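**Q** Right, I'll just put the structure down here and ask away after.
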Amino acid sequence: MPAYQSVLLKLSGEALMGDDSYGINPLTIEAMATEISEVVQLGVKLAIVIGGGNIFRGVAGGAAGMDRATADYMGMLATMMNSLALQDSLRQKGVEARVQSALRMDQVVEPYIRPRAIRHMNEGKVVIFAAGTGNPFFTTDTAAALRGAEMNVDIVLKATKVDGIYSSDPKKDPLATRYDTISFDEAIVKNLQVMDATAFALCRDRELPIKVFSILKPGALMRVVNGDPEGTLVHV
Ligand code: UDP
């Protein structure tokens with residue numbers, strides 16, 4: 001019996017990049033789809049929010065002189081490409097997946113419709129939420145917190161390149177230690193970066209726990225879902 005019956009998995013765009021410096025690496029996305037399919041086979045209801053940083057980030061467009069809101073819409077379109085790629089990969093593994101977009105793109109994917117998304121999840125389909133929140137100046141972390149709360153999942157799983165939350169930056173500080181668990185309040189007092197501030201506040205408000213773990217460790221997603229020791233749990 002998995003520890004969590006329903007989860008929202010937040011994947012950064014970089015999780016699809018592998019060792020490349022840009023875009024979607026075919027072997028990486030295939031490996032990701034395999035790990036996801038194993039979790040789905042356990043009967044866990046799964047929704048995914050995927051970032052776009054492997055293709056385009058609004059902040060980079062803004063820094064290069066673009067109108068920031070326009071650049072953010074481009075970032076949201078990048079998440080659409082990643083979502084379609086992941087849907088395709090999952091289907092190749094025999095997993096039913098549906099992309100729902102916060103920005104309408106009716107010829108390609110369903111629009112975001114909450115009851116329909118819930119129904120898909122109840123039917124065992126993976127729902128991939130594309131285009132973040134649909135609003136510029138937000139991030140896909142916030143979309144993950146928002147959709148996680150709307151889908152009423154047990155936990156938000158934030159897959160990163162680091163295997164949890166550390167007392168300080170483990171790349172710079174050899175004495176940095178990893179927390180197995182930490183409360184929302186303690187994370188604030190210690191000024192630890194878990195998700196961006198809006199996402200963090202939303203999860204805290206909704207009493208929605210967050211698990212931060214490394215996507216680079218094979219089998220980590222399965223261990224997290226099973227409740228085995230892995231990453232850092234942020235709890236109320
Ligand atoms: N974005 C946005 N609103 C949202 C979600 C995303 O404007 O609700 C844009 C923003 O420009 C962001 C880009 O989409 O830089 C890609 O998302 P994000 O940076 O969160 O992706 P990740 O870092 O997880 O790959």
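So that you can map any letter, position 148 of the sequence shown is 148 in UniProt numbering, and since no number is skipped, the others follow by simple counting. From the three backbone atoms N, C-alpha and C, an ideal C-beta is built for every residue, glycine too. All values reported here derive from a predicted model rather than from experimental measurement.
Is there at least one non-hydrogen atom of the ligand UDP closer than 8 Å to the beta-carbon of N135?
**A** True, at least one ligand heavy atom lies under 8 Å from that Cβ.
**Q** Under a Cβ-count criterion, where at least 16 other Cβ atoms within 10 Å of its own Cβ denotes burial, should Q41 be classed as buried or exposed?
**A** Looking at its Cβ environment, which holds fewer than 16 other Cβ atoms inside 10 Å, Q41 is exposed.
**Q** Which of the three DSSP states, helix, strand or coil, is assigned to A3?
**A** Here A3 sits in coil by DSSP.
**Q** Going by DSSP, what residue range makes up the alpha helix (DSSP H) through S37?
**A** Run containing S37: P26 to Q41, per the alpha helix (DSSP H) assignment.
**Q** Can you find a heavy atom of the ligand UDP that lies under 8 Å from the Cβ of D20?
**A** No.
**Q** Going by C-alpha distance, which of M1, G61 and S6 is nearest R147?
**A** R147 has its Cα closest to that of S6, out of M1, G61 and S6.
**Q** Between V153 and the rest of its own chain, which residues show a CB-CB distance below 6 Å, the 5 nearest in sequence each way excluded?
**A** Here the set comprises S6, V7 and L8.
**Q** For F213, count the other beta carbons within 10 Å of its own beta carbon; 16 or more makes it buried, fewer makes it exposed. Which is it?
**A** Per the 10 Å Cβ criterion, buried.
**Q** Any heavy atom of the ligand UDP inside 8 Å of the beta-carbon of F138?
**A** Because some heavy atom of the ligand UDP lies under 8 Å away, the Cβ of F138 counts as near it: yes.
**Q** For V126 versus L90, is the C-beta spacing smaller than 9 Å?
**A** Cβ atoms of V126 and L90: closer than 9 Å.
**Q** My understanding is that G18 touches P136, with C-beta atoms under 8 Å, so please give their C-beta distance in whole angstroms.
**A** Contact doesn't hold; Cβ gap of about 29 Å is too wide.
**Q** Hey, is R206 close to the ligand UDP, as in C-beta under 8 Å from one of its heavy atoms?
**A** No, the Cβ of R206 stays beyond 8 Å of every heavy atom of the ligand UDP.
**Q** What do you reckon, are the CB atoms on G52 and L77 nearer than 9 Å?
**A** Yes, these two residues count as a Cβ contact at 9 Å.
**Q** Please report the straight-line C-alpha distance between S21 and N54, rounded to a whole angstrom.
**A** Taking the straight line joining both Cα atoms gives about 8 Å.
**Q** What is the C-beta distance between S101 and V109, in whole angstroms, given that I count them as a contact (C-beta under 8 Å)?
**A** That belief holds up - the Cβ atoms of S101 and V109 are roughly 5 Å apart, short of 8 Å.
**Q** Label L202 either buried or exposed according to how many other C-beta atoms from any shown protein chain fall within 10 Å of its C-beta, with 16 as the threshold for buried.
**A** So L202 ends up on the buried side.
**Q** Span of the alpha helix (DSSP H) holding S83?
**A** Per DSSP, S83 belongs to the alpha helix (DSSP H) from R68 to Q92.
**Q** What do you reckon, is the C-beta of S101 under 8 Å from a heavy atom of the ligand UDP?
**A** Checking the Cβ of S101 against the ligand UDP gives no.
**Q** Just list the residues that DSSP pairs F137 with in beta bridges.
**A** F137 pairs with nothing; no bridge assigned.
**Q** Tell me which same chain residues have a C-beta within less than 6 Å of the C-beta of A197, skipping the five on either side of it?
**A** No residues qualify anywhere along the chain.
**Q** Quick one, which of M74, L157, L175 and I128 has its alpha-carbon nearest V194's?
**A** The shortest Cα separation from V194 among M74, L157, L175 and I128 belongs to L157.
**Q** Ends of the alpha helix (DSSP H) at V153?
**A** Note, V153: premise wrong, no alpha helix (DSSP H); not H, not E.
**Q** Is it the case that the CB of F56 approaches a heavy atom of the ligand UDP more closely than 8 Å?
**A** Yes; taking the cut-off as 8 Å, the Cβ of F56 has a heavy atom of the ligand UDP nearer than that.
**Q** Within this structure, are the beta carbons of T79 and T28 separated by less than 9 Å?
**A** Result no, Cβ atoms of T79 and T28 do not sit closer than 9 Å.
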